[in-house]
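Each residue of the sequence shown is one higher than the last, beginning at 1 in UniProt numbering.
Note that CB positions come from ideal geometry on N, CA and C, so glycine has one too.
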Amino acid sequence: MCSWCWGFAPVAKALVEQAQAAGVELHLVVGGLRTGSGAALEPTTRRYILEHWHAVAEATGQPFRFEGALPDGFVYDTEPACRAIVTARSLAPDCAWTLLGLIQHAFYAEGRDVTHASVLVELAERAGVPRIEFAEAFDRAEQHAATAADFSWVQDLGIAGFPTLLAERNGQLALLTNGYQPLGELSPLLGRWLERAACV
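Okay, here's the thing in structure tokens:
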């Protein structure tokens with residue numbers, strides 16, 4: 001539920017494929033962009049967010065549904081969507097990236113409310129996670145704790161912007177990007193990191 005992450009999705013997909021082709025293990029961590037307020041969006045905040053959406057659509061070409069977006073009473077809480085990713089990651093790791101894309105597309109391109117568990121269960125099933133298993137796990141304490149642990153890890157690193165891509169070698173983290181950048185900028189950067197990693 002981060003508009004620049006949605007704009008970045010095609011770039012991320014290409015970079016993931018580039019890293020996988022080199023045999024690099026990938027780990028998807030959720031950052032918790034907007035969590036815990038419980039309050040509906042104020043009209044000024046809604047306008048501000050939609051301005052960002054228009055900027056992302058123009059810069060990236062990703063589809064957005066603006067008609068009826070962020071309706072009155074909508075609570076912009078990213079925790080349930082993040083927890084869905086964490087739950088999928090624990091049950092069917094290969095499905096987590098697919099679920100991420102489905103959640104993003106449902107929220108931005110289809111205008112669906114992905115803060116609802118019923119929507120997330122449906123999307124998880126479409127991603128390949130067994131429906132009953134996901135639904136039972138989604139509200140368990142361990143999934144809440146694992147999601148909070150992701151948020152804490154991100155905060156402890158001082159990451160405040162999304163998307164962020166990190167590369168890790170021998171316990172050392174390297175920043176590939178903090179924020180949107182086109183594939184033409186990032187693919188060569190990742191390629192150089194992969195070459196150096198192969199030499200170690």
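Between residue i and the rest of its own chain, which residues show a CB-CB distance below 7 Å, the 5 nearest in sequence each way excluded?
{"i": "Thr78", "result": "Met1, Gly32, Leu33, Arg34 and Thr35"}
{"i": "residue 201", "result": "Coverage of the chain is limited to positions 1 through 200, which leaves residue 201 absent and any answer about it impossible."}
{"i": "Leu175", "result": "Leu166"}
{"i": "Val11", "result": "Pro182, Leu183 and Leu186"}
{"i": "Ala92", "result": "Gly128 and Val129"}
{"i": "Phe162", "result": "Cys2, Trp4, Cys5, Gly31 and Leu33"}
Just grab the DSSP bridge partners of residue i for me.
{"i": "Arg169", "result": "Gln172"}
{"i": "Thr177", "result": "Leu165"}
Considering only residues of the same chain and omitting the five flanking positions on each side of residue i, which have a CB-CB separation below 8 Å?
{"i": "Leu70", "result": "Leu41, Arg46, Ile49, Leu50 and Tyr76"}
{"i": "Val119", "result": "Ala106, Arg112 and Asp113"}
Anyone know if the C-beta pair for residue i and residue j falls short of 9 Å?
{"i": "Ser187", "j": "Leu15", "result": "yes"}
{"i": "Tyr180", "j": "Trp53", "result": "no"}
{"i": "Leu173", "j": "Leu166", "result": "yes"}
{"i": "Ser90", "j": "Gln20", "result": "no"}
{"i": "Pro6", "j": "Phe107", "result": "Correcting the residue identity first, residue 6 is Trp in this sequence and not Pro. The answer is yes: Cβ separation under 9 Å."}
{"i": "Pro80", "j": "Thr44", "result": "no"}
{"i": "Thr164", "j": "Thr177", "result": "yes"}
{"i": "Ala9", "j": "Gln104", "result": "yes"}
{"i": "Ala117", "j": "Ala135", "result": "yes"}
{"i": "Lys13", "j": "Gly101", "result": "yes"}
{"i": "Gln18", "j": "Gly191", "result": "yes"}
Where does residue i sit, in a helix, a strand or coil, going by DSSP?
{"i": "Asp150", "result": "helix"}
{"i": "Arg65", "result": "coil"}
{"i": "Thr115", "result": "coil"}
{"i": "Ser37", "result": "coil"}
{"i": "Val30", "result": "coil"}
{"i": "Ile159", "result": "coil"}
{"i": "Gly184", "result": "helix"}
{"i": "Ala22", "result": "coil"}
{"i": "Pro130", "result": "coil"}
{"i": "Asp77", "result": "coil"}
{"i": "Pro10", "result": "helix"}
{"i": "Cys2", "result": "coil"}
{"i": "Leu70", "result": "coil"}
{"i": "Glu110", "result": "coil"}
{"i": "Asp139", "result": "coil"}
{"i": "Ala88", "result": "helix"}
{"i": "Glu42", "result": "coil"}
Using a Cβ-Cβ cutoff of less than 6 Å, which residues in the same chain neighbour residue i once the five nearest sequence positions on both sides are dropped?
{"i": "Val29", "result": "Asp150"}
{"i": "Cys95", "result": "Ala88, Ala127, Gly128 and Val129"}
{"i": "residue 203", "result": "With the chain covering 1 to 200 only, the question about residue 203 has no answer from this structure."}
{"i": "Thr60", "result": "Gly7"}
Q: Would you be able to state if there are at least three C-beta pairs under 8 Å between the stretch 118-132 and the stretch 152-161?
A: no
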